[in-house]
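Heads up: the protein sequence lines correspond to chains V and C, in order. Take the first sequence: its position 94, counted from the start at 1, is 94 in the numbering used here, and no numbers get skipped. Take the second sequence: its position 297, counted from the start at 1, is 297 in the numbering used here, and no numbers get skipped. Cβ coordinates follow ideal geometry from the N, Cα and C atoms, glycine included. Model, not experiment: these values are computed from the prediction.
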Amino acid sequence: MKKISITLTVNGQKKTVEVTPNERLIDVLRYRLDLRSVKAGCLKGECGSCLVLMNGKPVKSCLILAAEADGSEITTVEGLGSLNKPALIQKAFIEAFGYQCGFCTSGFILLGHWILENMPDASEEEIKEILNGILCRCTGYKQIIEAIKLAQKWKRERK
Amino acid sequence: MSVLVFRTTLPRFEYLRPKSLGEALELKAKYGGDAMILAGGTDLLVDIRMRAKKPKYVIDIKGVKELSELKYVEGRGLEIGSAVTLSEIERSKVVKEKFHVLWDAVRQLADFPLRTRATLAGNIANASPASDSAPALLVLGAEVELSSTRGTRKLPIKKFFKWVKQTYMEPDEMITRIFVPEPPRDSKGMYLKFTRISVEDLSVVGIAGLAANPKEPEKRIVRLAYASVAPTPVLVEEVEEIFKHDKPVKELIREAVEAVKKKTSPITDVRGTAEYRRHLIEFGTAYLLNRLLEVIE
Numbered sequence: 001m002k003k004i005s006i007t008l009t010v011n012g013q014k015k016t017v018e019v020t021p022n023e024r025l026i027d028v029l030r031y032r033l034d035l036r037s038v039k040a041g042c043l044k045g046e047c048g049s050c051l052v053l054m055n056g057k058p059v060k061s062c063l064i065l066a067a068e069a070d071g072s073e074i075t076t077v078e079g080l081g082s083l084n085k086p087a088l089i090q091k092a093f094i095e096a097f098g099y100q101c102g103f104c105t106s107g108f109i110l111l112g113h114w115i116l117e118n119m120p121d122a123s124e125e126e127i128k129e130i131l132n133g134i135l136c137r138c139t140g141y142k143q144i145i146e147a148i149k150l151a152q153k154w155k156r157e158r159k
Numbered sequence: 001m002s003v004l005v006f007r008t009t010l011p012r013f014e015y016l017r018p019k020s021l022g023e024a025l026e027l028k029a030k031y032g033g034d035a036m037i038l039a040g041g042t043d044l045l046v047d048i049r050m051r052a053k054k055p056k057y058v059i060d061i062k063g064v065k066e067l068s069e070l071k072y073v074e075g076r077g078l079e080i081g082s083a084v085t086l087s088e089i090e091r092s093k094v095v096k097e098k099f100h101v102l103w104d105a106v107r108q109l110a111d112f113p114l115r116t117r118a119t120l121a122g123n124i125a126n127a128s129p130a131s132d133s134a135p136a137l138l139v140l141g142a143e144v145e146l147s148s149t150r151g152t153r154k155l156p157i158k159k160f161f162k163w164v165k166q167t168y169m170e171p172d173e174m175i176t177r178i179f180v181p182e183p184p185r186d187s188k189g190m191y192l193k194f195t196r197i198s199v200e201d202l203s204v205v206g207i208a209g210l211a212a213n214p215k216e217p218e219k220r221i222v223r224l225a226y227a228s229v230a231p232t233p234v235l236v237e238e239v240e241e242i243f244k245h246d247k248p249v250k251e252l253i254r255e256a257v258e259a260v261k262k263k264t265s266p267i268t269d270v271r272g273t274a275e276y277r278r279h280l281i282e283f284g285t286a287y288l289l290n291r292l293l294e295v296i297e
């Protein structure tokens with residue numbers, strides 16, 4: 001297999017990595033760049049644990065080859081906020097208890113972030129429609145939806 | 001190699017990213033069946049991982065500009081390049097207003113993060129009997145443009161599917177565009193998808209319906225096509241004929257249901273039994289026709 005050199009802008013930082021054609025975006029993000037918020041779940045596009053934002057769009061990184069992502073901008077949860085300075089959506093997830101074991105949480109936080117950025121006034125129905133690409137086996141989804149609605153409310157009040 | 005590594009990583013292949021259509025076709029001509037086209041990758045990479053497909057070369061067509069266009073010309077219809085994503089189709093106002101059945105099917109296909117990558121051409125090329133877009137394209141009378149270094153041909157979508165995951169494409173051909181002709185004036189369209197759960201899932205039964213001029217028998221156009229009821233997506237051509245007759249609509253609906261039952265052959269699988277599918281076909285067909293022909297709201 002021919003090695004391919006790719007450049008990604010991950011959470012604002014340029015990274016150049018040598019990959020083989022059969023490496024996926026998740027393999028590079030999780031194992032090469034050590035971004036452990038990108039979880040390997042089903043690895044066939046069903047669970048959504050590996051969701052990241054690629055050029056601002058939510059994608060499942062297990063169904064994208066690393067080579068395909070060359071030149072793109074990637075955002076993972078690590079890029080949203082830190083322990084000391086959590087992003088609005090992360091604060092809302094803590095406040096509304098929108099997580100339990102945490103396995104699916106990074107995907108939901110990124111989707112929540114995408115909703116805040118792109119459809120801040122999304123209705124509960126619209127939120128559910130967007131979230132239906134990720135599976136959670138603990139929370140029953142209710143608190144996750146509550147968390148996103150809370151973040152929407154905070155964002156509106158701030159304005 | 002351990003079982004875990006074998007099951008979770010991808011096997012070896014070479015990655016090719018042509019910059020023009022000519023280059024892509026040259027590669028397909030050179031490698032034929034050993035090369036597979038990667039558009040969205042949401043089906044191909046799953047099949048590669050599960051070792052259901054074993055390409056030596058993967059040709060990524062997202063760098064080909066000619067294939068990334070979604071165009072609408074009034075009077076002629078839609079032209080959808082094979083690298084156009086389902087999200088782009090879903091966001092298109094023209095598709096939503098004029099090609100409603102296609103829009104309705106696309107918005108119910110897979111889930112939001114997958115639709116940002118998956119393409120319409122990929123959904124067709126994969127030739128799954130459960131394809132949600134295929135029934136919509138069947139009732140709209142779409143055509144698939146197939147290209148190779150030998151030339152270009154157009155195949156009506158009803159002659160495209162051969163069997164489960166098999167098409168009439170030649171090994172050196174690739175889908176370049178999908179043409180969707182202008183639907184009949186004032187037509188209504190709908191895609192009814194029955195699933196086990198209310199979120200992302202393949203259909204137990206999927207039904208696409210298109211209807212125009214419900215009150216005038218000679219001008220009436222009614223078309224129905226199905227997913228997950230046979231080895232390929234099916235257009236039940238008899239339905240259009242039945243609705244040309246000047247009879248009470250309720251009677252025509254009964255005749256159409258009978259015609260559909262004859263043309264479908266559902267099986268039992270993880271998503272439902274053949275018996276349950278037959279029930280859904282009957283109920284869904286009658287419900288969809290009642291809605292489209294304005295018998296019920």
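By the 10 Å Cβ neighbour count, where 16 or more other Cβ atoms means buried, how is residue i classified, buried or exposed?
i	result
phenylalanine 112 of chain C	buried
methionine 169 of chain C	buried
glutamine 166 of chain C	exposed
glutamine 152 of chain V	buried
leucine 83 of chain V	exposed
cysteine 101 of chain V	exposed
proline 248 of chain C	exposed
methionine 1 of chain C	Reliability fails at methionine 1 of chain C, whose pLDDT of 49 lies under 50, so the model's placement of it is uncertain and no value is given.
glycine 71 of chain V	exposed
valine 10 of chain V	buried
If I follow the unbroken beta strand (DSSP E) through residue i, where does it start and stop?
i	result
arginine 153 of chain C	151–156
alanine 142 of chain C	Run containing alanine 142 of chain C: none; DSSP gives neither H nor E here.
alanine 225 of chain C	221–227
glycine 41 of chain V	Counting along the chain, glycine 41 of chain V falls outside any beta strand (DSSP E), and DSSP gives it neither H nor E.
Tell me the residue span of the alpha helix (DSSP H) that contains residue i.
i	result
phenylalanine 112 of chain C	112–115
phenylalanine 161 of chain C	First-last for phenylalanine 161 of chain C: 161–163, but that is the beta strand (DSSP E), not the alpha helix (DSSP H).
lysine 96 of chain C	93–98
phenylalanine 243 of chain C	From DSSP, phenylalanine 243 of chain C is part of no alpha helix (DSSP H); its letter is neither H nor E.
tyrosine 334 of chain C	Since the first residue shown for chain C is 1 and the last is 297, residue 334 of chain C is missing from the structure and cannot be characterised.
I want to see whether chain C comes within less than 8 Å of residue i, judged by CB atoms only; does it?
i	result
lysine 60 of chain V	yes
methionine 1 of chain V	yes
leucine 35 of chain V	no
glutamate 29 of chain V	The question names glutamate, yet the displayed sequence has leucine at residue 29 of chain V. No, because no Cβ of chain C sits closer than 8 Å to the Cβ of leucine 29 of chain V.
lysine 149 of chain V	no
arginine 24 of chain V	yes
Does residue i get closer than 8 Å to chain V when you measure Cβ to Cβ?
i	result
aspartate 269 of chain C	no
lysine 165 of chain C	no
methionine 1 of chain C	Unreliable placement is indicated for methionine 1 of chain C, whose pLDDT of 49 sits below 50; the coordinate value is still reported in the next sentence. Methionine 1 of chain C does not count as touching chain V.
proline 113 of chain C	yes
arginine 12 of chain C	yes
threonine 195 of chain C	no
arginine 76 of chain C	no
threonine 119 of chain C	no
lysine 62 of chain C	yes
threonine 42 of chain C	yes
glutamate 23 of chain C	no
glutamate 258 of chain C	no
So, with DSSP's three-state summary, where would you put residue i?
i	result
proline 18 of chain V	As written in the sequence, residue 18 of chain V is glutamate, which differs from the proline given in the question. Note: glutamate 18 of chain V maps to strand in three-state DSSP.
aspartate 132 of chain C	coil
aspartate 60 of chain C	strand
glutamine 100 of chain V	coil
methionine 1 of chain C	Any reading at methionine 1 of chain C needs caution, since the residue's pLDDT is 49, under 50, leaving its predicted position unreliable; the model's value is listed next. If DSSP states are grouped into helix, strand and coil, methionine 1 of chain C belongs with coil.
arginine 177 of chain C	strand
serine 301 of chain C	For chain C, the structure presents residues 1 to 297; residue 301 of chain C sits outside this window and is missing.
glycine 284 of chain C	helix
isoleucine 4 of chain V	strand
glutamine 152 of chain V	helix
glutamate 68 of chain V	helix
glutamate 255 of chain C	helix
tyrosine 31 of chain V	helix
alanine 230 of chain C	coil
valine 46 of chain C	helix
tyrosine 72 of chain C	strand
valine 236 of chain C	coil
alanine 83 of chain C	coil
lysine 193 of chain C	strand
threonine 139 of chain V	coil
valine 10 of chain V	strand
Given the structure, does residue i come close to the ligand FAD, in the sense that its CB is under 7 Å from one of the ligand's heavy atoms?
i	result
lysine 56 of chain C	No copy of the ligand FAD appears in this structure; indeed no ligand is present at all.
Between residue i and chain D, is the shortest Cβ-Cβ distance under 8 Å, so that the two count as touching?
i	result
glycine 122 of chain C	The structure shown contains no chain D; its protein chains are V and C.
- [ ] Counting only runs of 4+ residues fully inside the segment 72–129 of chain V, write out the alpha helix (DSSP H) ranges in chain order.
- [x] 88–95 and 105–118
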